[in-house]
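One line per chain: the protein sequences are A and B, in this order. Read left to right, the first sequence gives residues 1 to 576 (the working numbering). Read left to right, the second sequence gives residues 1 to 484 (the working numbering). Even for Gly, the Cβ is constructed at its ideal location relative to N, Cα and C. Remarks on the structure that follows.
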Amino acid sequence: MQSSISLSLSSPSPITARSNCGVDSYSPHLFFNNTTTPNQLRFCGLRRDAFSGCKSSSSNNAIRFNQLPPTNKVFASLSGNGTPSKGFDYDLVIIGAGVGGHGAALHAVEKGLKTAIIEGDVVGGTCVNRGCVPSKALLAVSGRMRELQNEPHMKSFGLQVAAAGYDRQGVADHAQSLATKIRNNLTNSMKALGVDILTGFGAVVGPQKVKYGKVGGTETIITAKDIIIATGSVPFVPKGVEVDGKTVITSDHALKLETVPEWIVIVGSGYIGLEFSDVYTALGSEVTFVEALDQLMPGFDPEIGKLAQRVLINPRKIDFHTGVFATKITPAKDGKPVMIELIDAKTKEPKDTLEVDAALIATGRAPFTEGLGLKSVNVQTQRGFIPVDERMRVIDTKKKLVPHLYCIGDANGKMMLAHAASAQGISVVEQVSGKDHVLNHLSIPAACFTHPEISMVGLTEPQAREKAEKEGFEISIAKTSFKANTKALAENEGEGIAKMIYRPDNGEILGVHIFGMHAADLIHEASNAIALGTRIQDIKYAVHAHPTLSEVIDELFKSAKVVGCVSSVTPEAVAV
Amino acid sequence: MSSSLLQSRVPTALSFSSSIAGGTKPQWRFTSAPAVTFTRRTRNSTIHAKIREIFMPALSSTMTEGKIVSWIKSEGDVLSKGESVVVVESDKADMDVETFYDGILAAIVVAEGESAPVGAPIGLLAETEAEIEEAKAKAAGAGSSAPSTPAASAPSPPPPPAPVAAAPTPVAAPVAADGPRKIVSTPFAKKLAKQHKVDINKLVGTGPFGRITPADVEAAAGIAPAKSSAAPVTAAAHAPAAAAAAAPAKSAPTFAEIPGATIVPFTTMQAAVSKNMIESLSVPTFRVGYPIITDALDALYEKVKPKGVTMTALLAKAAAMALVQHPVVNASCKDGKSFTYNSSINIAVAVAINGGLITPVLPDADKLDLYLLSQKWKELVEKARSKQLQPHEYNSGTFTLSNLGMFGVDRFDAILPPGQAWGAIMAVGASKPTAVADKDGYFSVKSQMLVNVTADHRIVYGADLAAFLKTFAKIVQEPDSLTM
């Protein structure tokens, strides 16, 4: 955030700088000129910390840079939460203080809106408390365990490591303390800005009216010019599954790492399931995947999925059943193991019964939208999701927009990722403060933090082919291997590929998929290019430090063949 | 997906250092994919079955073995000449391999992720559907695997060797005890069974709920349970369900777990000790004890103590002087075939430090005088406490001294750690007033200590050690030479 403020004071945002001005207009020394007051600096630090827990910062900033308000407005916002419009308690009330609500709140204050956020549980929502954040702590441990246990890998470095071991409680504590730290950072960042944090369950009671309070206790009604619903989601548990929190668990329980079962079934092989398989196998468990579709890792680009399976599944203590539903899962009790009944996904005939020590239900997430008082504004959820248009405006039963009511994040189901929620929140704040804004969801990256990582942005190859066929254009594929990257080889991590799907006629990037070391960090060059509309013929001239993993992406851009399109940017020569 | 993918399969771009000026990047195109070679299997002439074996191609002159990255086609897919069938990994890139023949991919012999030597069959191609079954039977011939597994990995398809009767396990019998019992085996157990060609259906599991564990498979395959440390080798084997699930999976097999126990992983030093202790079992050692009267030594000690001389230095000096006369006790056996006579006498002294054990070394203990030795010893102890000992200061010993006398221990055995330059270690007990009869039969009370030397019997024999101890005892009992 520090950067966005100092940049706004020095007038040209990076975007405008790129198109109209010389490169030197945003050279680093300006940062120092503008960050004058010490308390400004401190507040910046807090916000940056708060963001570091989630994957959202880069895309947020990109959006923010595009539409920064005039300078004086920034100063106004720094002085605290704004004053509400006439007749309302608040300009903006956000129901749910997860990453989406938090991102919206911060941006709203920056825009000078008087903002309140209602939280019924703990600040931070799923991502911070029961999702991305604690799981990254567990994965950090599993990555190290995996490396230390991999004798040939260590030997290839000339390292000798005596038997690696772990203390389960220590690992669990690391995850918990990380969540606490990030939660405090989030809370403090909102408090520092003067966002009113209202405690209790929030619900809509009518147009521009929200109530909050303890269930069954006293409830307070407040009015707001605009309302954002950001209530998120909870683990989805299919019917027939009995969750006891001990032997049949969801990600909520698994993140506490109360046990490391010898053999665990993971139902669902998406992001959540894959990440947990990484954690459990590194800690010594054996894993069996149960996947309803015919293929593991649905949702990933098929080629990436295949490679990932070769690296993340086949050599590990993992087996799998695909094309089956788990119809009944009974927790371990009365001296019996966890029982899982499987039926064929197509024929519905019983197929197998698994007897294992534990089962993790990772079948996705269900929106948390009950009790929101949506009937008062004539809104009907669809499979629990709140219907919205491309501007996150809520749609009622008559297919009409509900004025001043928005829904972001998992609750609308557009893209169930923390940073997507935050980006949607910022987009909404832009709109309510008078600027139209539509978020390009195809520019939102996603990552799976296995070892090695998987990341992606935009379309998969089959999606791109379908689109190309429909709209009548050609697509091409470029691929590079981590095997040829110096840095990856230095780390003995040559396993991996990067793949780009693009239009050879105009150089548009349609999708990028990376599987390999630090893929989650590498994807942003591609996602930023998509967000800003940068074409391959331009970005291929950008320079990458050598030797770095980023050269994998550099190679990807350079190996693409764009026909008949020359670079649109002619950089001005800068004397050095 | 496969066919559409193939149309646009772009050249795998191989990049080298990107700091090389752009433009003329070496780029390898595998447009002309290496083709698989086939052989006709000349079968019994009655049916002119045309089952061809697909071989692991040689993708480069140096390639001896290839790894199957992925099968682009699945079993049962119809192939036409020129189509890519399989992706094989070489050291630089993954290459598509094409077929030269039309046919049906009947069986995959080498599964994805597995390797096969160049020329080994990796799949079978049938000409007509009728032959698929035959090909499959052939592929599956080697392993009597469960029908569910799609491809039995049998890298040697031709004459199926008699099913590797998974062998001399004592567990093979009581299978059909209670009717057709469901066989439960863990994912890793299945993988191991496939790898070692163990018929999992013939095993009886010893894991929780009678499931077959990796350890069961390893036992059946006759492999010593590998020290696959991370694998929680079925810790609480017969514990009740809840306990089994709750127990933090850790190694330490076969011990019943007592609830509430704390598990503290080894520190690096402790792990090193543990490793050395296990390795010490490979050295054939024996022990010889000797009583030594220490009155004279004690008297000397009282005399030199004010000058900073320690008992450790006295004993080290005495041992060093005795070793000069018995070089074989100062030797070591490095390869099991020869004596290594050390050129200097370096006395290592075992010291307990915070949660561990280390052996600082007094170099040239036979040459340095008592005062220098004592001074050196103080330095070493300081360094050991602050963990600043350099490797040569703790691993250059040629003989080791371990003294537990200060605790009142009268005698003990020391373990001779392997891999060092020493062949013997001396365990020194406390010196205690003891009634001793002299050669004329008169009793008197003297201070006596028991020393016990452990030695590597490959080089040091009983008489050698006895002679050494006699010399050592003489030096201690007439210690004047120590101060010279």
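| query | Is the distance from the Cβ of I509/A to the Cβ of A529/A below 8 Å? | reply | Contact check for I509/A against A529/A passes: the beta carbons are separated by less than 8 Å.
| request: Check whether the Cβ atoms of A520/A and S476/A lie closer than 8 Å to each other. | output: The Cβ atoms of A520/A and S476/A do not sit closer than 8 Å to each other.
| field | Which residues DSSP lists as bridging N403/B, in chain order | value | Bridge partners of N403/B: V428/B.
| said: Looking at chain A, is there any beta carbon in it that lies within less than 8 Å of the beta carbon of P360/B? | reply: No, its Cβ sits nowhere closer than 8 Å to a Cβ of chain A.
| message | Using only the alpha-carbon positions, how far apart do K328/A and K211/A sit? | response | For K328/A and K211/A, the gap between their C-alpha atoms comes out near 39 Å.
| task | Thinking A137/A and H174/A are a contact (beta carbons under 8 Å), I'd like their distance in whole angstroms, please. | result | 5 Å between Cβ atoms; contact.
| Separation of D295/B from V445/B, as counted between CA atoms | Each residue's alpha carbon lies about 10 Å from the other.
| request: Apply the 10 Å Cβ neighbour rule to S185/B and answer buried if 16 or more other Cβ atoms are within range, or exposed otherwise. | output: The residue in question, S185/B, is buried, as its Cβ has 16 or more Cβ neighbours within 10 Å.
| query | What in chain B is Cβ-close to K86/A, meaning under 7 Å? | reply | Going along chain B, no residue has its Cβ under 7 Å from K86/A, so there is no contact; the nearest lies around 59 Å.
| Based on the DSSP output, what are the partners of I578/A in its beta bridges? | The shown model of chain A, from 1 to 576, leaves out residue 578/A, and the question about it has no answer.
| query | Taking just the CA atoms, how far does K336/A sit from P240/B? | reply | Residue confidence is low: P240/B scores 40 on pLDDT, short of 50, so the model does not pin down where it sits. No coordinate-derived value is stated.
| Got a sec: is the Cβ-Cβ distance from L482/B to anything in chain A below 8 Å? | Not closer than 8 Å to any Cβ of chain A, the Cβ of L482/B fails to qualify, so no.
| request: Could you check what DSSP says for E390/A in three-state terms: helix, strand or coil? | output: If DSSP states are grouped into helix, strand and coil, E390/A belongs with coil.
| message | Excluding the 5 residues flanking N440/A on each side, which residues of the same chain have their C-beta closer than 8 Å to its C-beta? | response | Closer than 8 Å at the Cβ level, and outside the excluded window around N440/A, lie I530 and A531.
| said: To the nearest angstrom, how far is the alpha carbon of A107/B from that of K136/B? | reply: Rounded to the nearest whole angstrom, the CA to CA distance from A107/B to K136/B is 5 Å.
| Beta-carbon of S115/B versus every beta-carbon of chain E: anything under 8 Å? | In summary, chain E is missing from the structure at hand, where the protein chains are A and B.
| query | How many angstroms separate the CA atom of F368/A from the CA atom of G232/A? | reply | Using only the alpha carbons, I get a separation of about 6 Å.
| query | CB-CB under 6 Å to L193/A, same chain, minus the five flanking residues each way: which ones, in chain order? | reply | Short of 6 Å from the beta carbon of L193/A, and not among the five residues preceding or following it, lie these beta carbons of its own chain, in chain order: V109.
| query | Is K307/B helix, strand or coil when you go by DSSP? | reply | Here K307/B sits in helix by DSSP.
| said: Can you list, in chain order, the residues of its chain with a C-beta nearer than 8 Å to that of I200/B? Leave out the 5 residues immediately preceding and following it. | reply: Taken in chain order, the residues that qualify are A146, I183, S185, A189, K190, A193, I212 and V217.
| Which term fits G103/A, buried or exposed, when burial requires 16 or more other beta carbons within 10 angstroms of its beta carbon? | With 16 or more Cβ atoms within 10 Å of its Cβ, G103/A is classed as buried.
| task | May I ask you to report which of helix, strand or coil DSSP gives N346/B? | result | Coil, per DSSP.
| Test: N314/A CB closer than 8 Å to a CB of chain B | Closer than 8 Å to some Cβ of chain B, the Cβ of N314/A qualifies, so yes.
| If V288/B sits next to T312/B, beta carbons under 8 Å apart, how far is it from one beta carbon to the other, in whole angstroms? | About 22 Å separates the CB atoms of V288/B and T312/B; that is not less than 8 Å, and the two are not in contact.
| query | Span of the alpha helix (DSSP H) holding E471/A? | reply | Bounds of the alpha helix (DSSP H) holding E471/A are E461 to E471.
| Residues, ordered as in the chain, of the region 62-90 of chain B that lie near chain A by beta-carbon distance below 8 Å | Listed by position along the chain: V69 and S70.
| request: Answer yes or no: does any C-beta atom of chain A fall closer than 8 Å to that of A215/B? | output: Using a Cβ-Cβ cut-off of 8 Å, A215/B does not count as an interface residue toward chain A, since no Cβ of chain A sits closer than that to its own.
| field | Span of the alpha helix (DSSP H), counted from its first residue to its last, around M190/A | value | Per DSSP, M190/A belongs to the alpha helix (DSSP H) from R168 to L193.
| Is there contact between the region 248-265 of chain A and the region 112-119 of chain A, where contact requires at least three CB pairs shorter than 8 Å? | No, they do not touch.
| message | So E286/A contacts chain B; which residues on that side make the cut at Cβ distance below 7 Å? | response | Within 7 Å Cβ-Cβ: T186, P187 and F188.
| message | Mapping the DSSP letters down to three states, classify I118/A as helix, strand or coil. | response | Residue state for I118/A is assigned as strand, using DSSP reduced to three classes.
| said: So P265/B contacts chain A; which residues on that side make the cut at Cβ distance below 9 Å? | reply: Within 9 Å Cβ-Cβ: A163, A164, G165, Y166 and D167.
| Would F443/B count as contacting chain A if we go by Cβ distances under 8 Å? | With 8 Å as the cut-off, F443/B does not count as an interface residue toward chain A.
| Cutoff 6 Å; reference T471/B; Cβ partners in own chain excluding five residues on either side | The answer, listed in chain order, is A322 and Q325.
| task | Name, please, each residue of chain A whose Cβ falls closer than 8 Å to the Cβ of E489/B. | result | There is no way to answer for residue 489/B, as the model of chain B reaches only from 1 to 484.
| Taking 8 Å as the CB-CB cut-off, is E127/B touching chain A? | At a cut-off of 8 Å between beta-carbon atoms, E127/B makes no contact with chain A.
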